[in-house]
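Engineer: Those protein sequence lines, which keep their order, are chains D and F. Read in our numbering, the first sequence has 177 at position 176, and its numbers run on one by one without any break. Read in our numbering, the second sequence has 222 at position 71, and its numbers run on one by one without any break. Here you go, one structure.
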Amino acid sequence: MTTNIGTLLEVRDLNVCFHTPEGIVHAVNGVSFKVLDGETIAVVGESGCGKSVCMMSILGLIPQPPGEITGGKAYYKGKDLLGLSEDELAPFRGKEIALVFQDPMTSLNPVLTLERQVTEAIIKHERLDKNNARKKALTYLEWVGIPDVGRRLSDYPHQFSGGMRQRVMIAMMLALKPSLLIADEPTTALDVTIQAQIIELVKEMKKQFGMSMIWITHDLGVVADLAERIIVMYAGTIVEEAGVDDLYKRTKHPYTLALLAALPRVDHRRDVAKLRSIRGSPPDNLNFPKGCPFAPRCDYVLDQCWTSKPTLEYVADGHLAACWVNVETGKPRL
Amino acid sequence: MDLEKTFPEGSAEDLEAPPLSLSKMAWMRFRRHKMAMFGASLLLFLLLFSFAGALFFSEGYANYTNTDIRLTSPNSAHPFGTDPIGRDILARTIYGGQISVIIGLSAAFVMVFVGIFVGSISGYFGGWIDAVLMRITEAFISIPRIFLVLVMAKFFSNKVPDITIYGSTFSGSVVVIILIIGLTSWMSLARIVRAEFLSLKENEFVVAARSTGTPTWQIIFGHILPNTIAPIIVAATLGVASAIIGESYISFLGLGVQPPTATWGNMLDGAYQYIQTAPWLWIFPGGLILLTVLSINFVGDGLRDALDPRSRLI
Numbered sequence: 002m003t004t005n006i007g008t009l010l011e012v013r014d015l016n017v018c019f020h021t022p023e024g025i026v027h028a029v030n031g032v033s034f035k036v037l038d039g040e041t042i043a044v045v046g047e048s049g050c051g052k053s054v055c056m057m058s059i060l061g062l063i064p065q066p067p068g069e070i071t072g073g074k075a076y077y078k079g080k081d082l083l084g085l086s087e088d089e090l091a092p093f094r095g096k097e098i099a100l101v102f103q104d105p106m107t108s109l110n111p112v113l114t115l116e117r118q119v120t121e122a123i124i125k126h127e128r129l130d131k132n133n134a135r136k137k138a139l140t141y142l143e144w145v146g147i148p149d150v151g152r153r154l155s156d157y158p159h160q161f162s163g164g165m166r167q168r169v170m171i172a173m174m175l176a177l178k179p180s181l182l183i184a185d186e187p188t189t190a191l192d193v194t195i196q197a198q199i200i201e202l203v204k205e206m207k208k209q210f211g212m213s214m215i216w217i218t219h220d221l222g223v224v225a226d227l228a229e230r231i232i233v234m235y236a237g238t239i240v241e242e243a244g245v246d247d248l249y250k251r252t253k254h255p256y257t258l259a260l261l262a263a264l265p266r267v268d269h270r271r272d273v274a275k276l277r278s279i280r281g282s283p284p285d286n287l288n289f290p291k292g293c294p295f296a297p298r299c300d301y302v303l304d305q306c307w308t309s310k311p312t313l314e315y316v317a318d319g320h321l322a323a324c325w326v327n328v329e330t331g332k333p334r335l
Numbered sequence: 152m153d154l155e156k157t158f159p160e161g162s163a164e165d166l167e168a169p170p171l172s173l174s175k176m177a178w179m180r181f182r183r184h185k186m187a188m189f190g191a192s193l194l195l196f197l198l199l200f201s202f203a204g205a206l207f208f209s210e211g212y213a214n215y216t217n218t219d220i221r222l223t224s225p226n227s228a229h230p231f232g233t234d235p236i237g238r239d240i241l242a243r244t245i246y247g248g249q250i251s252v253i254i255g256l257s258a259a260f261v262m263v264f265v266g267i268f269v270g271s272i273s274g275y276f277g278g279w280i281d282a283v284l285m286r287i288t289e290a291f292i293s294i295p296r297i298f299l300v301l302v303m304a305k306f307f308s309n310k311v312p313d314i315t316i317y318g319s320t321f322s323g324s325v326v327v328i329i330l331i332i333g334l335t336s337w338m339s340l341a342r343i344v345r346a347e348f349l350s351l352k353e354n355e356f357v358v359a360a361r362s363t364g365t366p367t368w369q370i371i372f373g374h375i376l377p378n379t380i381a382p383i384i385v386a387a388t389l390g391v392a393s394a395i396i397g398e399s400y401i402s403f404l405g406l407g408v409q410p411p412t413a414t415w416g417n418m419l420d421g422a423y424q425y426i427q428t429a430p431w432l433w434i435f436p437g438g439l440i441l442l443t444v445l446s447i448n449f450v451g452d453g454l455r456d457a458l459d460p461r462s463r464l465i
């Protein structure tokens, strides 16, 4: 099977579940999406909606067991990554697809120096000797804005602040020149000003290195001017996928609408508008309801929502949604 | 206004204390531990006694028998007295000390090596590998160590030829004792390492290392193992002490290192016949064992406190 030219990653019908003592947890249920060359997509959803698991399974990084990829394909440059063994995946990890993790406080090894951690992957993938790897590491650490890099290479992670550590992680991944960078909530653990700095850094990075990017987040506000396309996930499935403008201005799914309504806004006066939340909680992944998983929390719910699950369909040009309702009229879509 | 002169030269960063590495911090804490420093000094003295002492007495002299002067009490010619066949006890404690220390260190090395290997493999991979390795570990624990040691010592003695390193000949039984002690003492370390691995492998930095394509063996030994170094160092230190004691009791029972090679343990063998009549036969080697083990244990205690990551004292 081949994929279209210009498609970097194509995931088809990915299913991932976890075997737990309570039963089988269906974390990802039939997720399909594409990432084009040089494109940035954002994956948005509540905690536990399967966004991280989905990306981790592509690189074989979910613990197996208890995790299990029960179906699907993930074509990267035309090659299915899901069928590969740990050894076969190693050349893809970091070199082709790099990951930046959520919490920079725990994703660096506390007992190894910065130099050791940053150069290790460079030495392995680029086949450089220690000295050249060090030079390369210095270049990228400087690029991400670590001050006084030369002197700090022999420091340990605890001597850096959270924002600096995230910069280090980004430098580590950049040095490998991946074609696809997956950022798993890279700003969630940081405070707002540092978050803004990291986002600026990432934008600059995209401009200069032109890699594709998947930005996982639960904050629609963060990705508005970062991504070109946004995928909204709920309960392990994609509920809406559209270009940024379409998604924000011509929202088609009640869940996305609710997410947008929950965003705090600078122009809201405190006494007028209270911060809204989505009522209820995400469904128990152990046993999904029969119909639409969002039905119990949905403001637009119809009778058919309780009995059959909507599939992801084109509702407008380049705009996919999985919903029975036309949210503009509140009536069933034909 | 001439403000500049009121400030010291250099920027604020130059005034900042250089960051302490983990080992420097541990060393500072260790130095504050009085018992540990006492133990370390005593240990240094005992090592000097055994290794520098060899410059004053030859090994031939230590093994030289002269029945004319058998069982002489300490005097100016023989400061520690002589044994039942007229050998000089001072010279023998010096050479015996070397053997005891070598056995202690090597056996601890064997113990650490096996313990780390079993513990890290077991903890990292889990599943059936863990189950098999842990059942083997439990089997080793449930056999009373003394029986295992004695049977192995009896079985393997005289099967290893003598070896010569740097001009001095070691009885082959030394190697046997090292292996026996090392191979019967790794279990608790393996369990410690396994427990550390079980919790450390869940850390995000392990997934981060995997996500850059780091090979599994490098994740185990290059990324996770350095995080467990503190308990390993402590266990290894205490392992040296228990290996020295282990050697003593095997040799005391006559199954350990064979004469004429002296060890503190086999010097005690036979001394029990003269407990009252010639106490210098056991006081000196026995006292040296006591002091060595005591000082190593003090050092181990100090290391345990110095390397404790929860201790934020400097």
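Even glycine gets a Cβ: it sits at the ideal position worked out from N, Cα and C.
Do Thr218 of chain D and Val233 of chain D have their C-beta atoms closer together than 8 Å?
Structural biologist: The count along the first sequence starts at 1 and reaches residue 218 of chain D at position 217. The count along the first sequence starts at 1 and reaches residue 233 of chain D at position 232. No, the pair does not count as a contact, with Cβ atoms beyond the cut-off.
Engineer: Mind listing the chain B neighbours of Asn354 of chain F? Cutoff is C-beta to C-beta under 7 Å, in chain order.
Structural biologist: Protein chains D and F are contained in the structure displayed, whereas chain B is not.
Engineer: Assuming Ile250 of chain F and Val325 of chain F are in contact, meaning their beta carbons sit under 8 Å apart, how far apart are those beta carbons, in whole angstroms?
Structural biologist: Position 99 of the second sequence, counted from the start, is the residue given in the question as residue 250 of chain F. Position 174 of the second sequence, counted from the start, is the residue given in the question as residue 325 of chain F. With 8 Å as the limit, Ile250 of chain F and Val325 of chain F qualify as a contact, their Cβ atoms being about 6 Å apart.
Engineer: For Ile253 of chain F, which option in F:Ser271, F:Ile383, F:Pro295, F:Ile395 has the closest C-alpha, if you only look at C-alpha atoms?
Structural biologist: Residue numbering aside, residue 253 of chain F sits at position 102 when the second sequence is read from its first letter. Looking at the Cα atoms, F:Ile395 is the closest of the given residues.
Engineer: Starting from the C-beta of Thr8 of chain D, find all residues in its chain whose C-beta is less than 7 Å away, skip the five residues before and the five after it, and write them out in chain order.
Structural biologist: As a working mapping, residue 8 of chain D is identified with position 7 in the first sequence. Answer for Thr8 of chain D: Lys35, Leu37, listed in chain order.
Engineer: What would DSSP say about Ala216 of chain D, mapped onto helix, strand or coil?
Structural biologist: The sequence position of residue 216 of chain D within the first sequence is 215, counting from 1. Strictly speaking, residue 216 of chain D in this sequence is Trp, with Ala absent from that position. Correct three-state label for Trp216 of chain D: strand.
Engineer: Can you say whether Ser446 of chain F is buried or exposed, counting buried as having 16 or more other CB atoms within 10 angstroms of its CB?
Structural biologist: Here residue 446 of chain F corresponds to residue number 295 of the second sequence, with the count starting at 1. When all chains shown are included, Ser446 of chain F counts as buried.
Engineer: Check the DSSP bridge columns for Glu1 of chain D and list the partner residues they point to.
Structural biologist: Residue 1 of chain D is absent from the structure shown; chain D starts at 2 and stops at 335.
Engineer: At the level of alpha carbons, what is the spacing between Phe158 of chain F and Ser155 of chain D?
Structural biologist: Here residue 158 of chain F refers to the residue found at position 7 when the second sequence is read from its first residue. Here residue 155 of chain D refers to the residue found at position 154 when the first sequence is read from its first residue. At Phe158 of chain F, the pLDDT of 49 sits below 50, so the modelled position is not reliable; the number obtained from the coordinates is stated separately. Rounded to the nearest angstrom, the two C-alpha atoms are 30 Å apart.
Engineer: Return helix, strand or coil for Leu181 of chain D, following the three-state DSSP convention.
Structural biologist: Working through the first sequence from its first residue, we reach residue 181 of chain D at position 180. DSSP places Leu181 of chain D in strand when its eight states are reduced to three.
Engineer: Beta-carbon within less than 6 Å of Ala134 of chain D's beta-carbon, same chain only, minus the 5 sequence neighbours each way: which residues are those?
Structural biologist: The residue you call residue 134 of chain D lines up with position 133 of the first sequence. Here the set comprises Thr120, Ile123, Ile124.
Engineer: Return the residues of the region 107 to 126 of chain D that lie within a Cβ-Cβ distance of less than 9 Å from chain F, sorted by chain order.
Structural biologist: So the list reads Thr107, Ser108, Leu109, Asn110, Pro111, Val112, Leu113, Thr114, Arg117, Gln118, Glu121, Ala122, Lys125, His126, given in the order they occur along the chain.
Engineer: Have a look at D:Cys293, D:Thr189, D:Met56 and flag the residue whose alpha-carbon is nearest the alpha-carbon of Met214 of chain D.
Structural biologist: Translated into the one-based positions of the first sequence, residue 214 of chain D becomes position 213. Among D:Cys293, D:Thr189, D:Met56, the Cα nearest to that of Met214 of chain D is on D:Met56.
Engineer: From the DSSP output, in three-state form, read off Asn378 of chain F for me.
Structural biologist: For the purposes of this step, residue 378 of chain F is taken as the residue at position 227 of the second sequence. Helix.
Engineer: Per DSSP, what are the beta-bridge partners of Asn16 of chain D in this structure?
Structural biologist: Here the question's residue 16 of chain D lines up with position 15 in the first sequence. Paired residues: D:Asn30, D:Gly72.
Engineer: Taking only three categories from DSSP, how would you classify Asp88 of chain D?
Structural biologist: Here residue 88 of chain D is taken as the residue at index 87 of the first sequence, counted from 1. Reduced to three states, the DSSP call for Asp88 of chain D is helix.
Engineer: In this structure, does DSSP put Ile407 of chain D in helix, strand or coil?
Structural biologist: The requested residue 407 of chain D is not part of the displayed model; chain D covers only 2 to 335.
Engineer: Would you mind telling me which residues of chain D sit closer than 8 Å to His374 of chain F, beta carbon to beta carbon, in chain order?
Structural biologist: The residue you call residue 374 of chain F lines up with position 223 of the second sequence. Neighbours of His374 of chain F on chain D, chain order: Asn110, Leu113.
Engineer: How should Phe356 of chain F be labelled, buried or exposed, when 16 other C-beta atoms within 10 angstroms of its C-beta is the threshold for buried?
Structural biologist: For the purposes of this step, residue 356 of chain F is taken as residue 205 along the second sequence, with counting starting at 1. It counts as buried.
Engineer: Using CA coordinates, which residue listed in D:Leu287, D:Val316, D:Gly39 is at the minimum distance from Met206 of chain D?
Structural biologist: Along the first sequence, one-based indexing puts residue 206 of chain D at 205. The shortest Cα separation from Met206 of chain D among D:Leu287, D:Val316, D:Gly39 belongs to D:Gly39.
Engineer: Between which residues of its own chain and Ile199 of chain D is the CB-CB distance below 8 Å, once the five residues before and five after are set aside?
Structural biologist: Looking up residue 199 of chain D in the first sequence gives position 198. The residues are Gly164, Gln167, Arg168, Ile171, Pro187, Thr188, Leu191.
Engineer: Run through the DSSP bridge pairs and tell me what Glu314 of chain D is partnered with.
Structural biologist: Within the first sequence, numbered from 1, the residue matching residue 314 of chain D stands at position 313. Paired residue(s): D:Ala322.
Engineer: Give the residues from the region 285 to 315 of chain D that approach chain F closer than 8 Å (Cβ to any Cβ), ordered along the chain.
Structural biologist: Listed in sequence order: no entries.
Engineer: Would you verify that the beta carbon of Ala91 of chain D is, or is not, closer than 8 Å to some beta carbon of chain F?
Structural biologist: By one-based count along the first sequence, residue 91 of chain D stands at place 90. By this cut-off, Ala91 of chain D is an interface position.
Engineer: Residues of chain D with CB under 8 Å from Gly270 of chain F, in chain order?
Structural biologist: Indexing the second sequence from 1 puts residue 270 of chain F at position 119. The contacting residues do not exist; Gly270 of chain F stays about 17 Å from chain D at best.
Engineer: Is the CB of Leu348 of chain D under 8 Å away from at least one CB in chain F?
Structural biologist: Examination of residue 348 of chain D is not possible in this model, given that chain D is present from 2 through 335 alone.
Engineer: Please compile the residues from chain F whose C-beta is within a distance smaller than 7 Å of the C-beta of Lys96 of chain D.
Structural biologist: Taking the first residue of the first sequence as position 1, residue 96 of chain D is located at position 95. The contacting residues are Gly364.
Engineer: Could you name the residues of chain D that Pro377 of chain F contacts, counting a contact when the two beta carbons are closer than 8 Å?
Structural biologist: Walking along the second sequence from the start, residue 377 of chain F turns up at place 226. Result: Asn110, Val112, Leu113.
Engineer: Just the Cα atoms here: how many angstroms apart are Val269 of chain F and Val326 of chain D?
Structural biologist: The residue you call residue 269 of chain F lines up with position 118 of the second sequence. The residue you call residue 326 of chain D lines up with position 325 of the first sequence. Val269 of chain F and Val326 of chain D: Cα-Cα distance of roughly 59 Å.
Engineer: For Pro111 of chain D and His159 of chain D, I'd like the C-alpha separation in whole angstroms.
Structural biologist: The residue labelled residue 111 of chain D in the question sits at position 110 within the first sequence. The residue labelled residue 159 of chain D in the question sits at position 158 within the first sequence. Taking the straight line from one Cα to the other gives about 7 Å.
Engineer: Under 8 Å, do Ala236 of chain D and Ala176 of chain D count as touching if we go by C-beta distance?
Structural biologist: Counted from its first residue, the first sequence places residue 236 of chain D at position 235. Counted from its first residue, the first sequence places residue 176 of chain D at position 175. Contact: no.
Engineer: Within 10 angstroms of the Cβ of Pro436 of chain F, are there 16 or more other Cβ atoms? Answer buried if so, exposed if not.
Structural biologist: Locating residue 436 of chain F in the second sequence gives position 285, counting from the first residue. Its Cβ being crowded by 16 or more others within 10 Å, Pro436 of chain F is buried.
Engineer: Let me check understanding here. Comparing Cα to Cα, which of F:Ile375, F:Ile434, F:Arg182 lies closest to Leu349 of chain F?
Structural biologist: Stepping through the second sequence from its first residue, residue 349 of chain F is reached at position 198. That would be F:Ile375, whose Cα lies nearest to the Cα of Leu349 of chain F.
Engineer: By Cβ distance, which residues of its chain are closer than 6 Å to Gly68 of chain D, with the 5 residues on each side in sequence left out?
Structural biologist: Residue 68 of chain D sits at position 67 when you count from the first residue of the first sequence. The answer, listed in chain order, is Phe19.
Engineer: The alpha helix (DSSP H) spanning Val135 of chain F covers which residue range?
Structural biologist: Residue 135 of chain F is absent from the structure shown; chain F starts at 152 and stops at 465.
Engineer: Run down chain F in chain order and give the residues with a C-beta less than 9 Å from the C-beta of Leu60 of chain D.
Structural biologist: In the first sequence, residue 60 of chain D corresponds to position 59, counting from 1. In chain order: Arg361, Ser362.
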